[in-house]
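So the sequence shown is numbered by the numbering used here: it starts at 349 and just counts up by one.
Here the structure is laid out as structure tokens; the discussion comes afterwards.
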Amino acid sequence: MTIILLFFFGFIFSFIGSITPSMLNMTAIKVSLDKGRKAANNYALGVSIIVFIQVVVAVILTKYILNNPTIIETLEKFGIVIFSFLSYYFYRESKKGKVNINTEKLKKENAFLTGVILSVLNMFAVPFYSGTIVTLDLFKLFNYDFIPVMFFTLGSVIGTFYILFLYGKFAKIIQQKTGKLTKDINLVLSILTGFVAIFTLLKFVF
Numbered sequence: 349m350t351i352i353l354l355f356f357f358g359f360i361f362s363f364i365g366s367i368t369p370s371m372l373n374m375t376a377i378k379v380s381l382d383k384g385r386k387a388a389n390n391y392a393l394g395v396s397i398i399v400f401i402q403v404v405v406a407v408i409l410t411k412y413i414l415n416n417p418t419i420i421e422t423l424e425k426f427g428i429v430i431f432s433f434l435s436y437y438f439y440r441e442s443k444k445g446k447v448n449i450n451t452e453k454l455k456k457e458n459a460f461l462t463g464v465i466l467s468v469l470n471m472f473a474v475p476f477y478s479g480t481i482v483t484l485d486l487f488k489l490f491n492y493d494f495i496p497v498m499f500f501t502l503g504s505v506i507g508t509f510y511i512l513f514l515y516g517k518f519a520k521i522i523q524q525k526t527g528k529l530t531k532d533i534n535l536v537l538s539i540l541t542g543f544v545a546i547f548t549l550l551k552f553v554f
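Written out as structure tokens, the structure is:
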């Protein structure tokens, strides 16, 4: 049952973490519009393969951190600042319009390779998954054994692929609705990250 839950958590967190309009999913839209659905799926596959590596790295780093209690307390305090910043960031982004990126060169590039490169450049991935793992571990919902980790990683990979698949599939609709979509999602993320910051702060106070 634990491995099924970890697969579910991996899927949900990666899906939600990738749902807000960003470089990765906006590129999925552009690839779909410029080169078709098949290319968009290849792009999503390229991104997802790197996500597999990023999640494994996050697990290794998090396990090391959790074995050092002083580091944990420092990170939890640091996390209050980070989540407060993210809450403000998402709130500010919710006030903006559409997210646009210049991807004219995509027509000449390999979609799979583009996905790999952009995913490698996504420096937020490892800290995001590390934070997810720490949160799950806090509630005794994570297991560092090989098989549970693989299920969590597989769920994360599929969650990432699926959200990018949906962005590619509904590219035209999303392109038209990006402005409102960005505002709504970023506002929700602002509230959620603000809640996490407050929850972590209360944990220290009480």
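For each residue, glycine too, the CB sits at the ideal point set by N, CA and C.
Since we're looking at a predicted model, the values are computed, not measured.
Here Asp485 really is in contact with Leu414; their C-beta atoms are around 6 Å apart, less than 8 Å.
Look at Ser370 here: in three-state DSSP terms it is coil, with no helix or strand label. In this structure, DSSP gives Asn470 a state outside helix and strand, which the three-state scheme calls coil. Only exposed fits Thr350, as fewer than 16 other CB atoms lie within 10 angstroms of its CB. For Leu489, no alpha helix (DSSP H) run applies, since DSSP gives it neither H nor E.
Here Phe433 is exposed: its Cβ has fewer than 16 other Cβ atoms, across all protein chains shown, within 10 Å.
DSSP places Lys443 in the coil class of the three-state scheme, outside both helix and strand.
Residue environment for Tyr515: buried (at least 16 other C-beta atoms within 10 angstroms of its C-beta). With a cutoff of 7 Å on beta-carbon distance, Phe355 and Gly503 are scored as near each other.
Scanning its chain for C-beta atoms nearer than 7 Å, with the 5 sequence neighbours on each side dropped, one finds around Phe476 the residues Gly365, in chain order. With a cutoff of 7 Å on beta-carbon distance, Phe509 and Ser396 are scored as near each other.
Approximately 7 Å separates the beta-carbon atoms of Leu372 and Leu512; this is inside 8 Å, confirming the contact. Rounded to whole angstroms, the gap between the alpha carbons of Asp382 and Asp493 is 43 Å. By the neighbour-count criterion, in which 16 or more other beta carbons inside 10 Å mark a residue as buried, Phe518 falls on the exposed side. Where Asn458 is concerned, there is no enclosing alpha helix (DSSP H), because DSSP gives it neither an H nor an E. Straight-line measurement puts the Cα of Ile398 at about 15 Å from the Cα of Phe500. Leu466 counts as buried, since at least 16 other C-beta atoms from the protein chains shown sit within 10 angstroms of its C-beta.
Under the three-state reduction of DSSP output, Gly358 falls in the helix class. DSSP places Phe518 in the coil class of the three-state scheme, outside both helix and strand.
When secondary structure is reduced to three states using DSSP, Gly384 falls in the coil class, being assigned neither helix nor strand.
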